[in-house]
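Just so you know, the sequence shown maps onto residues 251 to 463 in the numbering used here. Beta carbons are placed, not taken as given, at the ideal position from N, Cα and C, and that holds for glycine. Below is one structure, written out as structure tokens, with a few remarks after it.
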Amino acid sequence: MREALDHDLNTIVAGATEMLDRVRAMLVEAGSVLIDRDTDKLSAVAAADREVDELESRIETECLRVIALHQPVASDLRLIATILKSLTDIERMGDYAVHVAEDGALLSQDSPLKKYVNLSSMLRRLDQMMETLGRAVRERSVDLARQAHEMDNEVDELYEQTQRELVTYMIEDPRTISKAMTLMRVGRSLERLGDHIENIAERVEYWVTGRRA
Numbered sequence: 251m252r253e254a255l256d257h258d259l260n261t262i263v264a265g266a267t268e269m270l271d272r273v274r275a276m277l278v279e280a281g282s283v284l285i286d287r288d289t290d291k292l293s294a295v296a297a298a299d300r301e302v303d304e305l306e307s308r309i310e311t312e313c314l315r316v317i318a319l320h321q322p323v324a325s326d327l328r329l330i331a332t333i334l335k336s337l338t339d340i341e342r343m344g345d346y347a348v349h350v351a352e353d354g355a356l357l358s359q360d361s362p363l364k365k366y367v368n369l370s371s372m373l374r375r376l377d378q379m380m381e382t383l384g385r386a387v388r389e390r391s392v393d394l395a396r397q398a399h400e401m402d403n404e405v406d407e408l409y410e411q412t413q414r415e416l417v418t419y420m421i422e423d424p425r426t427i428s429k430a431m432t433l434m435r436v437g438r439s440l441e442r443l444g445d446h447i448e449n450i451a452e453r454v455e456y457w458v459t460g461r462r463a
């Protein structure tokens with residue numbers, strides 16, 4: 251019975267990390283739309299988002315099946331609870347990647363307002379956060395979860411800096427308002443994506459230790 255439960259739990263973890271990996275790839279492609287103005291990637295991001303939604307439904311069903319079949323307790327139950335609650339975060343991360351790609355495609359229709367230095371840095375840091383979080387889940391590592399959590403501080407700082415710069419642009423030249431507002435929306439999408447990574451990192455620590463972060 252224990253062997254069957256372990257197999258099912260490993261299947262759930264593998265599904266959740268696959269979702270994370272797909273969203274990570276989505277964000278890379280969304281970044282290409284935004285930074286490189288590669289609008290051909292937009293359809294790929296949208297298609298991947300549908301796959302992420304399907305994965306969410308499948309993993310949720312599997313979690314409920316395992317609860318009904320094995321009636322897990324202690325760390326096993328915490329694992330399932332962590333995955334169930336994190337599925338929504340991962341799905342929302344995918345949605346934000348789509349928003350970035352859509353806004354990137356919109357911005358590509360005209361000359362850029364400025365070089366997207368801070369947004370590029372946010373994209374790189376978020377990619378590192380997702381890579382670290384994926385390893386935290388696979389390795390059941392509290393240290394890696396905390397690293398992913400702490401990286402969000404830099405994302406928040408970059409977001410605030412970006413917003414201040416864009417407000418300055420709008421004040422100095424009202425003609426920039428439309429582009430600046432779109433870029434602010436991109437920054438907000440990236441900042442929120444980081445918050446969802448942070449949420450999952452906190453849950454990983456709870457799963458492994460039984461203590462709230």
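Item: Buried or exposed (CB count within 10 angstroms, at least 16 for buried), Ile-427; Value: exposed
Item: Whole-Å CB distance - Leu-251 paired with Val-302, under 8 Å assumed; Value: Correcting the residue identity first, residue 251 is Met in this sequence and not Leu. About 32 Å separates the two Cβ atoms, so there is no contact after all.
Item: Segment contact, 8 Å Cβ cut-off, at least three pairs: the segment 293-310 with the segment 376-393; Value: no
Item: 7 Å CB neighbourhood of Arg-375 in its chain, flanking five on each side removed; Value: Met-401, Glu-404, Val-405
Item: Ala-254 versus Val-278, Ile-317, Val-458, Ala-324, residue with shortest Cα-Cα distance; Value: Ile-317
Item: Thr-432 and Leu-356 closer than 7 Å at C-beta; Value: yes
Item: C-alpha gap between Ala-264 and Thr-332, whole angstroms; Value: 13 Å
Item: Burial state of Leu-408, where buried means 16 or more other Cβ atoms lie within 10 Å; Value: buried
Item: Three-state secondary structure (DSSP) of Tyr-366; Value: coil
Item: Spatial neighbours of Glu-448 in its chain, beta-carbon cut-off 7 Å, leaving aside the 5 residues before and after; Value: His-399, Asp-402
Item: Range covered by the alpha helix (DSSP H) that runs through Thr-311; Value: 291-320
Item: Boundaries of the alpha helix (DSSP H) in which Val-348 is found, first to last residue; Value: 324-357
Item: Cut-off 6 Å between Cβ atoms - residues of its own chain near Gly-281, not counting five sequence neighbours on either side; Value: Leu-373
Item: Status (buried if at least 16 other CB within 10 Å, exposed otherwise) for Arg-462; Value: exposed
Item: Alpha-carbon to alpha-carbon, Leu-329 and Trp-457; Value: 5 Å
Item: Arg-388 and Thr-267 closer than 7 Å at C-beta; Value: yes
Item: C-beta atoms of Leu-416 and Tyr-346 nearer than 7 Å; Value: no
Item: Contact check, Ile-450 vs Ser-336, beta carbons under 7 Å; Value: yes
Item: Other residues of its chain near Val-348: CB distance less than 8 Å, five sequence neighbours each side excluded; Value: Met-276, Ala-280, Val-295, Ala-296, Asp-299
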